[in-house]
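Going by my numbering, the sequence shown opens with residue 116, and the numbers climb by one from there.
Where is the CB? At the ideal position from N, CA and C, for every residue including glycine.
Nothing here was measured: the structure is a model prediction, and the numbers come from that model.
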Amino acid sequence: MRMPEPDAAIIARKDQIVARLSAVLPDEAVIFDETELRAYECDALTAYRCPPLCAVLPASTEEVVEILKICHSEGVPVVPRGSGTSLAGGALPTADCVILGVARMNQVLETDYDNRVIRVQTGRTNLSVTGEVEGDGFFYAPDPSSQLACAIAGNIAMNSGGAHCLKYGVTTNNLLGVKMVLMDGTVVELGGAHLDAPGYDLLGLVCGSEGQLGVVTEATLRILKKPEGARPVLIGYDSNEVAGACVSDIIRAGVLPVAIEFMDRPCIRACESFAKAGYPDVEALLIVEVEGSEAEIQEQLEKIVGIAQRHNPVELRESSSEMESALIWKGRKAAFGAMGQIADYICLDGTIPVNELPHVLKRITELTNSYGLRVANVFHAGDGNMHPLILYNANDPGELEKAEALGADILRLCVEVGGCLTGEHGVGVEKRDLMPDQYGPNDLEAQIDVKDVFDPSWLLNPAKVFPLNVSENRRVA
116 MRMPEPDAAI IARKDQIVAR LSAVLPDEAV IFDETELRAY ECDALTAYRC
166 PPLCAVLPAS TEEVVEILKI CHSEGVPVVP RGSGTSLAGG ALPTADCVIL
216 GVARMNQVLE TDYDNRVIRV QTGRTNLSVT GEVEGDGFFY APDPSSQLAC
266 AIAGNIAMNS GGAHCLKYGV TTNNLLGVKM VLMDGTVVEL GGAHLDAPGY
316 DLLGLVCGSE GQLGVVTEAT LRILKKPEGA RPVLIGYDSN EVAGACVSDI
366 IRAGVLPVAI EFMDRPCIRA CESFAKAGYP DVEALLIVEV EGSEAEIQEQ
416 LEKIVGIAQR HNPVELRESS SEMESALIWK GRKAAFGAMG QIADYICLDG
466 TIPVNELPHV LKRITELTNS YGLRVANVFH AGDGNMHPLI LYNANDPGEL
516 EKAEALGADI LRLCVEVGGC LTGEHGVGVE KRDLMPDQYG PNDLEAQIDV
566 KDVFDPSWLL NPAKVFPLNV SENRRVA
């Protein structure tokens, strides 16, 4: 993967740029030592690394304004960074850029239970939003697997989802308003503590824009009352295709579980070894969770179990306690970390129509065999958001390139069956050169025009989302 050539003139002005930033920020908020910058040279897509020019850690919207004004006047690219958990290289720096990390911006600014909203600085972690309100019987619905670490800023940038997005939606369905700083330092506020805003849906435009339009410093989020109860059921099958057919039938029947998660044998074994969750040793495992009153739970489970039994499950087990339920989810949430103990991997993020699950799972197996690699599947099956993990050896020359080629073929398959390149990880650098596989020239040009309006100098999050030649040409122009 090629990154743009750094601007030598900017690098030559490093001392000047650092001095200007240091004049508006506390000493500890400006990082320019080469050793300390190693912490910012990559995100969770660790195959690619590049130390930035420097990194800044503002604590307020006002400090973000000053940073962006300086970088705008100096022509310095800025890469916004939440917690660095992006799996698509969304926070990968260039050598001439300033990393703008929001980790110090982690305060709760307002909690309004009457209107069921919470306003936070966007450096706050996903799980800590629920932690702030759960004592009063509320929760924040989006729950990415990295929710212990990932920041609301990154969730907004990538429109993150999670296991429970089947019922509650992804970030855009739970985001009511933002405060955002444009590249020239202009502050704009979109939406607010109400259900809808007049005029164009600019909030919907910002959510999922991958830091290309502005730096979101504050977010107003929807919080919900906790359900009376919830219960998962484990359903094991002897083939991936049969498990996929079961998922399709559950959705077709009009049942709406809060989550339907899928794991294949390699992932099941890794998670079981890591978390001791009590998973059965089967080819494919579904975790289907329902919630509500006890009567509602029983009614939904009866329908789901009836559908599952038509597909001849190897094992079907309903959770019998809160402890068992927590352990089941602990195993699923640990999937990416557990697989990381086995091999290096690339985690994909294609989304497909649910009825295509059996076909796509079969084709992934065929593609994997043709490349001579291994793939572990774990994903949000209810909404078709797939996460194939392509396993490879980073120390074996050529294996990374082979894994990337397989990944590109799998993502093209997702597009071919009516899906898209990403569900919640974003495009980043990982999928930027596949964008023409999903969008025609006019479609891409319309998106580029939007970027032009918000960031005409193309200084925000360079070399992401669009094919690299587009970014380079726009930057020069």
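query	result
Can you tell me whether DSSP reads Q415 as helix, strand or coil?	helix
Would the beta-carbon of P503 fall within 7 Å of that of I467?	no
Do the CB positions of L549 and L521 come within less than 7 Å of each other?	no
Is the beta carbon of G326 closer than 7 Å to that of A601?	Not covered by the structure: residue 601. The range shown for the chain is 116 to 592.
Give, in chain order, every unbroken run of the alpha helix (DSSP H) that is at least 4 residues long and sits entirely within the stretch 148 to 214.	176 to 189
With a Cβ-Cβ cutoff of 7 Å, do V321 and P372 count as a contact?	no
From the DSSP output, which residues share a beta bridge with R432?	L349
Considering just the uninterrupted stretch of the alpha helix (DSSP H) at V244, what are its terminal residues?	241 to 248
With K579 and V542 assumed to form a contact (beta carbons below 8 Å), what rounded beta-carbon distance in angstroms separates them?	7 Å
Have a look at E409 and N576 and give me their C-alpha separation to the nearest angstrom.	48 Å
Pick from H474, E531, A154, D251: whose alpha carbon is nearest that of S354?	H474
According to the neighbour-count rule (16 or more other Cβ atoms, all chains shown, within 10 Å of its Cβ), is T161 buried or exposed?	exposed
What would DSSP say about A368, mapped onto helix, strand or coil?	coil
Give the straight-line distance between the Cα atoms of S572 and D158, rounded to the nearest whole angstrom.	25 Å
Could you spell out where the alpha helix (DSSP H) holding V565 opens and where it closes?	556 to 569
If you follow the beta strand (DSSP E) that R234 is in, where does it begin and where does it stop?	232 to 236
Looking only at its own chain, which residues have a Cβ that is under 7 Å from the Cβ of E587, when we skip the five neighbours before and after it?	P119
Is it buried or exposed for G323, if we count other Cβ within 10 angstroms and need 16 for buried?	buried
Measure the C-alpha to C-alpha separation of P166 and N557 and round it to an integer number of angstroms.	35 Å
According to DSSP, which residues form a beta bridge with H495?	E376, N500
With 16 as the cutoff for other CB atoms within 10 Å, does R367 come out buried or exposed?	exposed
Considering Cα atoms alone, identify which of L172, L207, V191 is closest to Y163.	L207
Please state whether the Cβ-Cβ distance between V179 and V330 is less than 7 Å.	yes
C535 bridges to which residues according to DSSP?	T466
Is it buried or exposed, R425, if we count other Cβ atoms within 10 angstroms and call 16 or more buried?	exposed
Which word fits A561, buried or exposed, when buried means at least 16 other C-beta atoms lie within 10 angstroms of its C-beta?	exposed
Spatial neighbours of A509 within its chain, please: CB distance less than 8 Å, with the 5 preceding and 5 following residues excluded, ordered by chain position.	A162, D459, L515
With DSSP as the reference, label T301 as helix, strand or coil.	coil
I need the straight-line Cα distance from L536 to C529, nearest angstrom please.	7 Å
How would you write the range of the beta strand (DSSP E) that R337 sits in, first residue to last?	330 to 337
For G307, does the three-state DSSP call read helix, strand or coil?	coil
Closest by CA to S388, which one among A518, I443, A144, I505?	I443
Quick check on D142: buried or exposed, where buried means 16 or more other Cβ atoms within 10 Å of its Cβ?	exposed
Rounded to the nearest angstrom, what separates L416 and V248 at their Cα positions?	29 Å
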